[in-house]
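Numbering (our numbering), first residue to last: 35 to 170. Notes follow once the structure below has been shown.
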């Protein structure tokens, strides 16, 4: 949308809709609610898309682009660590946060190898804000 200013040759570009789109992949409805709530409180102009597992995430990825992804590790079916390489292939330039209660060094090392931002549970606003600042 373009807004013309009276008496001026210049215009101001206005964008409509959401600024960024975030995908939350977590089988826990409570975790999705917490993450969604934090994103909405900090950045209300962002669109948040929720997926309850890898199959749901793939389905929601068919017709849209994401600016960041929040990914749980322990989910039924395919786990987040084994799904992360596919996400990195689909979205090579966006930040992906791996959110997990499993803080074993091998999990953290694997996350680092994959280029993921590691966030240990419990999920807090401060932890998510640090992640969000990587792509704002």
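We treat Cβ as the ideally placed atom computed from N, Cα and C, and that holds for glycine.
Nearest to residue i (by Cα), restricted to the options the options
| i | options | result |
| --- | --- | --- |
| residue 162 | 74, 63 and 136 | 74 |
| residue 112 | 103, 89 and 94 | 89 |
| residue 64 | 119, 80 and 106 | 106 |
| residue 97 | 57, 166, 159 and 149 | 57 |
| residue 137 | 151, 67, 121 and 91 | 151 |
| residue 160 | 139, 76 and 67 | 76 |
CB-CB length for residue i against residue j, believed under 8 Å
| i | j | result |
| --- | --- | --- |
| residue 100 | residue 55 | 5 Å |
| residue 80 | residue 61 | Their Cβ separation, rounded to whole angstroms, is 22 Å, which puts residue 80 and residue 61 out of contact at 8 Å. |
| residue 103 | residue 69 | Rounded, the Cβ-Cβ distance is 11 Å, inconsistent with contact. |
Between the CA atoms of residue j and residue i - distance to the nearest angstrom
| i | j | result |
| --- | --- | --- |
| residue 115 | residue 135 | 13 Å |
| residue 123 | residue 117 | 10 Å |
| residue 145 | residue 132 | 7 Å |
| residue 165 | residue 141 | 18 Å |
| residue 37 | residue 78 | In this predicted model, residue 37 has a pLDDT of only 37, less than 50, meaning its place in the structure is not dependable enough to derive any value. |
| residue 130 | residue 120 | 12 Å |
| residue 108 | residue 59 | 11 Å |
| residue 72 | residue 91 | 20 Å |
| residue 139 | residue 147 | 12 Å |
Close beta carbons around residue i, own chain, < 6 Å, minus the five adjacent residues each side
| i | result |
| --- | --- |
| residue 39 | Annotation note: pLDDT 38 at residue 39 (below 50); position unreliable, coordinate value reported separately. Same-chain partners within the cutoff: there are none. |
Residues of its chain near residue i, where Cβ-Cβ distance is below 8 Å and the 5 sequence neighbours each way are ignored
| i | result |
| --- | --- |
| residue 94 | 57, 83 and 85 |
| residue 149 | 122 and 130 |
| residue 110 | 61 and 87 |
| residue 125 | 99, 100 and 103 |
| residue 66 | 58, 60, 84 and 86 |
So, do the stretch 140-157 and the stretch 77-91 have three or more beta carbon pairs nearer to each other than 8 Å?
-> At 8 Å Cβ cutoff, the stretches do not touch.
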